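Peer 1: Here the sequence shown stands for residues 255 to 1027, where the numbers follow my numbering. All C-beta atoms, glycine included, are put in the ideal place defined by N, C-alpha and C. Remember, it's a predicted structure, so these values are computed and weren't measured experimentally. Pasting a structure below so you can have a look.
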Amino acid sequence: VLDPACGTANFLYVTLEHMKRLEAEVLELVTALGGDATFEMNEYKVRPEQFLGLELSPNAVAIAQLVLWIGYFQWQRKTTGKADTGDRPLLPKTQTIRQQDAVLAYDEKIPRRDPVSGEILTIWNGYTTKTHPVTGKEIPDESATIALFDYQNPRRAEWPQADYIVGNPPFIGNKRMRDALGDGYVEALSKAYPNVPRTVDFVMYWWHRAAQFVGSLQSQGFGLITTNSITQSLNRGLLTTHLNRDHKDCISCVFAVRDHPWVDSSDGASVRIAMTVCEPGSKEGIVATVISEVESPEGHSDVELSYSTGSISPSLTIGADISSLKALNGNKNMSFQGVIPLGSGFILAEDDLNDLKIDAANLPPAVKAYICGRDVVQVPENRWLIDFFGLAEADALRNHPELFQRVLTRVKPVRDQNKRQTRREKWWLYGENAPKLRSALGNLSRFIGTPDTSKHKPFIFIEANTLPDVGVYAIPSDDAFVLAVLTSTVHQIWLDAVSPRLEDRPRWKPAIVFDPFPFPALEEGELKDAIRDLGERLDTHRKRQQEQHPGLTLTGIYNVLEKLRSGEPLTAKEKQIHDQGLVTVLRQIHDELDEAVLEAYGWGDLAVETQDGKTQDARKEEEKKDKGSAEHSSLVSCVLQSCVSLEQELLTRLVALNHARAAEEKRGLIRWLRPDYQNPTKTSDGHRPPLQADLAGTETSSLKTENSQLATPAWPDRLPDQVTIIRKLIGGYDKSVVTPDAEVLSAQFGRKNKKRTEQIEGILETLKGLGQL
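Structure follows, in structure tokens:
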């Protein structure tokens, strides 16, 4: 067993102990069968030399080797009463813990020099500060530096041969790698691993090497703990490559946890991690999902898990393969992250406005209202930003001298130590100015905003003259229909499934969450107006209650709403929030909104409650009992089994709809969210002129094209599989076209086949009877 980032051998020690327990069971059985266990099993004895480790720190290497030996002797003493293991020599001559870099090998590490002066290049060490003489604030001490290095002949590090690979590699995000490891090291990694995207986190280099060992059958399996960002798009591409079942060296994930609490051994910080266990070939696996976690008095989390079985996708989920999602042009340029000031000196509080003699009701052009993620979900603060966007340094000084001096004294000293040349040289401007967002807001009077990281993910309207910071994502739309759909349970389930995580909170990243999301294709009319009205009512209700009760927060409101839905009793404080926020009224608005949005998609069968108050599952069970023939009951059973949960079914349909929309866009039909801004040169209805096939094609050709990525090359033999594939085809079918008949669906599987068509007719009859069609 190899741990290629073993530290002081915690993992290896536990593995040794578990394998000694297995050995004890074998010895017990040999003895029970009349054999001499000590003699017969000696050559198969579990010994420390079977546990291999790689570690960079020489002190940790020495400790790790000692931990394994002590653990070995302790086990012998515990089981036999004496520490002598009978091995001669008592300690093996070969040490199994090797000091080396686990991912990068090189010939020499040399200081990087300035090509002109020849001086060694250095950077600020990242933590040493001094006091600014004017502001009294702590700023970087430019004399506290560290050298930059270059690595000669960088290449992939070699690992020793092992049957299994385990470990907990270091957690360093891709954005922190240069600061933590140095520019030269990160550049050397890119050269040593040309096929690994430069955007991956540091831990993914271990995952990649372990996957190569298993895929090439050099190892039987690996189990690694990584950050939960492994499912983010920047890292997930690497999983997609190795888990591709069409690849000759493919591996399968046989156990996974996407998001789990953890305490980082390096600094004791609470983090969120993922666990992956992989084996060679094409196999099904188990996904464990955290359904509750309670922090114990000892400081760790007591976690309860639920389990599901099936083929595990690169997103570490079972069911809909969210790793197959495509970005949709219809959503393009409709979601932006806010500005990154990169300097607290840009931020103004009320006292600062007074000192600068600025009237909050009549702001100068270089001062903007400011909102951060916390302002959305907690009690908002009144703050503003100095904003010199579009101004040269001389213009900023000439037009706004007081504001310029504030930035000069409070921002420039920090920016002078920034690694990026543009940020050092253009210190009076933000680190990121979000020019595309500014342009997209155009003449809008308001836009939709949501916090990047929060337990709940509300969407609110924000006045267009407000600058959101990096913690807020902006959707440049003033349409309450868009806000309503994003707020609906449909999108919230999508968000929970596809979003990356920060600790236990979902993050709303455009490329992952927004760009692939298929909005309902709904023409203007009564239903769309009703959804739009519900969006306005929702936004107005929350803002009105917060204005009346200044301490009321969206986090508090939605925590209470969550408890109302679960039926839990409210505390005295929660009852107060309930009354102040009129949370039961809010719940009613959300329920009406969810029902309307499901109707917009044509998925009314997924409503949680029916008119008679019975759940969908209860209604289906009653209908199942009422059916007459045994054959029909069997078919109903198959349909019910394929509906694992409403959430999973909804996600499956959304993924299928994403595929259908992507196919539409290839043919030229793009459903723009805001056509006047996204596609101003096209037709008046916002669509590109559709291809002739879109106008004259039959329902059969339309279905075939839109579901080409979902179609199977062969009609399944088993009835449950037949039901599943038919439901997938229909789930991805555009609601605006008549539902296909059995012959149309049968055509997806090749030539005409009477028996297959009859089988599909039976499935369609059952789906209709269950209200799913």
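Within 10 angstroms of the Cβ of Glu885, are there 16 or more other Cβ atoms? Answer buried if so, exposed if not.
Peer 2: Legend: pLDDT at Glu885 = 44, less than 50; position of this residue unreliable, no value from coordinates given.
Peer 1: Quick test of your reading: Pro754 and Gln486, contact by CB under 8 Å. State the CB separation rounded to the nearest angstrom.
Peer 2: Indeed they touch by this definition, with Cβ atoms about 4 Å apart.
Peer 1: Grouping DSSP H, G and I as helix and E and B as strand, with all else coil, what is Ala442?
Peer 2: Reduced to three states, the DSSP call for Ala442 is helix.
Peer 1: Can you tell which of Glu1019, Ser1000, His386 has the C-alpha that lies nearest to the C-alpha of Arg1010?
Peer 2: Minimum Cα distance to Arg1010 is reached at Ser1000.
Peer 1: Kindly give me the distance between the Cβ atoms of Val851 and Ala738, rounded to whole angstroms, as I take these residues to be in contact under 8 Å.
Peer 2: Rounded, the Cβ-Cβ distance is 7 Å, consistent with contact.
Peer 1: What residues in its chain sit with their C-beta under 8 Å from that of Thr376, if we drop five residues either side in the sequence?
Peer 2: Thr399, Ile400, Ala401, Leu402.
Peer 1: Drop a sphere of 10 angstroms on the beta-carbon of Val457, count the other beta-carbons inside from all chains shown, and report buried for 16 or more, exposed for fewer.
Peer 2: Buried.
Peer 1: Between Val440, Leu662, Ala917, which lies nearest to Asp580 when the distance is taken from Cα to Cα?
Peer 2: First, the residue type needs correcting, since residue 580 is Lys and not Asp in the sequence shown. Among Val440, Leu662, Ala917, the Cα nearest to that of Lys580 is on Ala917.
Peer 1: Would you list the residues sitting across from Thr543 in a DSSP beta bridge?
Peer 2: Answer is Ser560.
Peer 1: Since Cys532 and Ile572 are thought to touch, with beta carbons under 8 Å apart, how far apart are those beta carbons, to the nearest angstrom?
Peer 2: That pair is no contact at about 15 Å.
Peer 1: Compare the beta carbon distance of Gly325 and Asp257 with 8 Å and say whether it is the shorter of the two.
Peer 2: No, the Cβ-Cβ distance between Gly325 and Asp257 is not below 8 Å.
Peer 1: Do Val630 and Leu808 have their beta-carbon atoms positioned less than 8 Å apart in this structure?
Peer 2: Taking 8 Å as the Cβ cut-off, Leu808 and Val630 qualify as a contacting pair.
Peer 1: How would you call Asp500, buried or exposed, if buried means at least 16 neighbouring beta carbons within 10 angstroms?
Peer 2: Flag for Asp500 reads exposed.
Peer 1: Got a sec, what are the start and stop residues for the alpha helix (DSSP H) Ile572 sits in?
Peer 2: Looking at the DSSP string, Ile572 is not in any alpha helix (DSSP H), and its letter there is neither H nor E.
Peer 1: If Gly564 sits next to Glu547, beta carbons under 8 Å apart, how far is it from one beta carbon to the other, in whole angstroms?
Peer 2: The pair is not a contact, with the Cβ atoms about 24 Å apart (cut-off 8 Å).
Peer 1: When you compare the region 724 to 731 with the region 834 to 848, are there three or more beta-carbon pairs, one atom per stretch, that lie closer than 8 Å?
Peer 2: Verdict: no, contact absent.
Peer 1: Use the C-beta contact count for Phe293: other C-beta atoms within 10 angstroms, 16 or more gives buried, fewer gives exposed.
Peer 2: With fewer than 16 other Cβ atoms within 10 Å, it is exposed.
Peer 1: Among all the DSSP beta bridges, which residues are the ones paired with Trp969?
Peer 2: BP columns for Trp969 are empty, so no partner.
Peer 1: Could you spell out where the beta strand (DSSP E) holding Phe715 opens and where it closes?
Peer 2: Where Phe715 is concerned, the enclosing beta strand (DSSP E) stretches over 714 to 717.
Peer 1: Would you mind sorting Tyr459 into buried or exposed? The rule is 16 or more other CB atoms within 10 Å of its CB.
Peer 2: Flag for Tyr459 reads buried.
Peer 1: Helix, strand or coil for Asp975, going by three-state DSSP, please let me know.
Peer 2: Of the three classes helix, strand and coil, the one that applies to Asp975 here is helix, per DSSP.
Peer 1: Return no unless some Cβ of chain D is closer than 8 Å to the Cβ of Val321.
Peer 2: Absent here is chain D; the protein component of the structure consists of one chain.
Peer 1: Using the three-state DSSP reduction, which class does Arg761 fall into: helix, strand or coil?
Peer 2: Correct three-state label for Arg761: strand.
Peer 1: Take Asn616 as the anchor and find which of Asn719, Pro634, Thr262, Ala996 has the nearest alpha-carbon.
Peer 2: The residue with the shortest Cα to Cα distance from Asn616 is Asn719.
Peer 1: With three or more beta-carbon pairs closer than 8 Å as the criterion, would you say the region 258 to 278 touches the region 314 to 321?
Peer 2: Segments in contact, yes.
Peer 1: How should His913 be labelled, buried or exposed, when 16 other C-beta atoms within 10 angstroms of its C-beta is the threshold for buried?
Peer 2: Classification of His913: buried, given that the 10 Å Cβ count is 16 or more.
Peer 1: Taking the C-alpha atoms as reference points, what is the distance between Glu849 and Ala574?
Peer 2: Roughly 23 Å separates the two Cα atoms.
Peer 1: Am I right that Asn482 and Arg512 are in contact with their C-beta atoms under 8 Å? What's the rounded C-beta distance?
Peer 2: About 6 Å; that satisfies the 8 Å criterion.
Peer 1: Could you give the uninterrupted runs of the beta strand (DSSP E) lying entirely in the region 346 to 413, keeping only those of 3 residues or more?
Peer 2: Runs found: 351 to 353, 362 to 365, 376 to 378, 383 to 385, 392 to 394, 399 to 401, 403 to 406.
Peer 1: Enumerated in chain order, which unbroken segments of the alpha helix (DSSP H) with a length of 4 residues or greater are wholly contained in the region 266 to 327?
Peer 2: Those alpha helix (DSSP H) runs which fall completely within the region 266 to 327 and span 4+ residues are 291 to 294.
Peer 1: Assess, as a yes-or-no matter, whether the region 840 to 847 is touched by the region 770 to 777 under the definition of 3 or more beta carbon pairs within less than 8 Å.
Peer 2: With the cut-off at 8 Å, the region 770 to 777 and the region 840 to 847 do not touch.
Peer 1: Determine the direct distance from the alpha carbon of Leu657 to that of Lys611, and round the result to whole angstroms.
Peer 2: For Lys611 and Leu657, the distance between alpha carbons rounds to 11 Å.
Peer 1: For Thr530, list the residues DSSP reports as bridge partners.
Peer 2: Leu478, Ala510, per the DSSP bridge assignment.
Peer 1: Could you check what DSSP says for Tyr418 in three-state terms: helix, strand or coil?
Peer 2: Three-state DSSP puts Tyr418 in a strand.
Peer 1: Leaving out five residues on either side along the sequence, give the residues of the same chain with a beta carbon under 7 Å from the beta carbon of Pro363.
Peer 2: Here residue 363 is Lys; the residue named in the question, Pro, does not match the sequence. Only Phe403, Tyr405 meet the Cβ criterion.
Peer 1: So Gly725 is in the beta strand (DSSP E); what residue range does that whole segment cover?
Peer 2: Segment: none, Gly725 is in no beta strand (DSSP E) and carries neither H nor E.
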